[in-house]
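All residue numbers for the sequence shown refer to the numbering used here, where the first residue is 2 and numbers rise by one.
Here a beta-carbon is modelled for each residue, glycine too, at the ideal position from N, C-alpha and C.
Here is the structure we will look at.
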Amino acid sequence: MDATIRADLDAIPAYAAGRTVPGSLKLASNEISLPPPPAVLAAIAAAAAAGNRYPDPAVTGLTARLADRHGLSTDRIAVGCGSVLLCQQLVQIVCGSPDDEVIYAWRSFEAYPIVVRVSNARNVTVPLDAEYRHDLKAMAAAITPHTRLVFLCTPNNPTGMALRRDELCAFLDEVPANVLVVLDEAYHEFVTDPDVPDGLTLLDGRPNVVVLRTFSKAYRLAGLRVGYAVGDPSVIGALRKVYPAFSVNSLAQAAASAALDCLPELLGTCAEVTEERTRVRDELLALGFEVPASQANFVWLPLGERSTEFAAHCERERVILRPFAGDGVRVTVAGADENDAFLAAARKFAL
């Protein structure tokens, strides 16, 4: 007798990662193009020597470091195998029925529809507004008695637009207390707009709000998969109950802890990226492209039906981008030379 597999798995979309093409420049995955700092690489090597031992399942050391960095108690922080897995675990702790709903903007982070369906919950998408931003009024109106969680990706992947303090606080105050709101701030370190708040400053008095951060982007550890959630102890305690055992490996724990000692260097690179972001956007605007004002380490070109054509053109120029068919193209902002290669390809594309 064959095993009975969930029939609805056929409807779950596969996650489409940014492609790597040998001999081409990869600007498809929002990675920092530099390797981890030497001190981090040394910590990884040292941890590898104890690779015969299981990792700390509670991620005690890194959790304590993060608590100290943010001035919080350790019961408010949960470390996971990247923020993507934490997204799935957050859905799991609030959704238990196929009628349970999770709301998010679209287009937004491609993992959301996957983690929702994997958890056997229902996706509810709300279109972005005409400026490629979250339509918070429409999202609030979409909340029903079946709503269990709302994802807010800010800055939003792939459009780069971030929510400002007044609109975000007004939305949070409107959301029912029994609905979990997840502020996915994977690109927080690249924000330069003073009106965009640090989500951690919004947690007091809001036990239904959780903030997600990652070591994948600014900390240059995308390959080691470390993220963390900050929230009320009741939510964090529930999150820890659905942890896959030993999900944050020893090398990742050591690397993330060492990266916290390298913040001046890492954040300095983020500042360089944001300067390049301005230059890249200005040049694209001068070429006639529409480019929203991103707050992340990428820019968004809403090319609509020409998106795949533009990405294919750039691939022929040995630059790999991330197209979203029918919507637009996301382009990682990297070092100056890499950005110059992309801009040279863009100049050859006839709008």
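Inset, instruction - Could you tell me the boundaries of the beta strand (DSSP E) in which residue 124 lies? - result: Annotation: the continuous beta strand (DSSP E) that includes residue 124 extends over 123-128.
Legend entry - Whole-angstrom distance between residue 86 and residue 177, CA atom to CA atom: Spanning the two alpha carbons is a distance of roughly 25 Å.
Inset, instruction - With DSSP as the reference, please indicate the residues paired to residue 27 in a beta bridge. - result: Beta-bridge annotation (DSSP): residue 27 is paired with 321.
Legend entry - Start and end residues, alpha helix (DSSP H) containing residue 88: Counting along the chain, the unbroken alpha helix (DSSP H) around residue 88 starts and ends at 83-95.
Inset, instruction - From the DSSP output, in three-state form, read off residue 152 for me. - result: Three-state DSSP puts residue 152 in a strand.
Inset, instruction - Measure the CB-CB distance between residue 181 and residue 212 and report whether it falls below 9 Å. - result: No, these two residues do not count as a Cβ contact at 9 Å.
Legend entry - Reference residue 289, options 295, 299, 304, closest by Cα: Out of 295, 299, 304, 304 has the C-alpha closest to the C-alpha of residue 289.
Inset, instruction - Kindly indicate which three-state DSSP category residue 200 falls into: helix, strand or coil? - result: In this structure, residue 200 counts as helix in the three-state DSSP scheme.
Legend entry - Range of the contiguous alpha helix (DSSP H) that encloses residue 62: Looking at the DSSP string, the run of the alpha helix (DSSP H) that includes residue 62 is 61-71.
Legend entry - Spatial neighbours of residue 129 in its chain, beta-carbon cut-off 6 Å, leaving aside the 5 residues before and after: Excluding positions up to five away in sequence, the list reads 106.
Legend entry - Nearest to residue 164 (by Cα), restricted to the options 25, 14, 294, 24: Minimum Cα distance to residue 164 is reached at 294.
Inset, instruction - Compare the beta carbon distance of residue 261 and residue 66 with 9 Å and say whether it is the shorter of the two. - result: Taking 9 Å as the cut-off, the Cβ atoms of residue 261 and residue 66 count as close.
Legend entry - Cβ contact (3+ pairs, closer than 8 Å) linking the segment 248-260 and the segment 307-323: Touching, no, given that fewer than three Cβ pairs across the two stretches are closer than 8 Å.
Inset, instruction - Check the C-beta distance from residue 332 over to residue 324 and give it rounded, since I have them as a contact under 8 Å. - result: Not quite, the Cβ-Cβ distance comes to about 10 Å (not below 8 Å), so this is no contact.
Inset, instruction - Please list, in chain order, all residues of the same chain as residue 21 whose beta carbon is under 6 Å from its beta carbon, the five residues on each side excluded. - result: Closer than 6 Å at the Cβ level, and outside the excluded window around residue 21, lie 27.
Inset, instruction - Could you tell me how far apart the beta carbons of residue 36 and residue 221 are, in whole angstroms, since I believe they sit closer than 8 Å? - result: Sure, about 7 Å apart at Cβ, within 8 Å.
Inset, instruction - Check residue 17 in the structure and name its three-state DSSP category. - result: If DSSP states are grouped into helix, strand and coil, residue 17 belongs with coil.
Inset, instruction - Answer yes or no: do residue 13 and residue 119 have a C-beta to C-beta separation smaller than 9 Å? - result: A contact, by the Cβ cut-off of 9 Å.
Legend entry - Enclosing alpha helix (DSSP H) for residue 104 [first to last residue]: The continuous stretches of alpha helix (DSSP H) do not include residue 104, which lies in the beta strand (DSSP E) extending over residues 102-107.
Inset, instruction - Tell me, to the nearest whole angstrom, how far the beta carbon of residue 254 is from that of residue 156; I am working on the premise that it is less than 8 Å. - result: Not quite, the Cβ-Cβ distance comes to about 27 Å (not below 8 Å), so this is no contact.
Inset, instruction - Measure the CB-CB distance between residue 150 and residue 91 and report whether it falls below 9 Å. - result: Contact: yes.
Inset, instruction - State the CB to CB distance for the pair residue 242 and residue 33, rounded to an integer number of angstroms; the pair is presumed to be in contact (CB under 8 Å). - result: At roughly 33 Å, the Cβ-Cβ gap does not stay under 8 Å, so residue 242 and residue 33 are not in contact.
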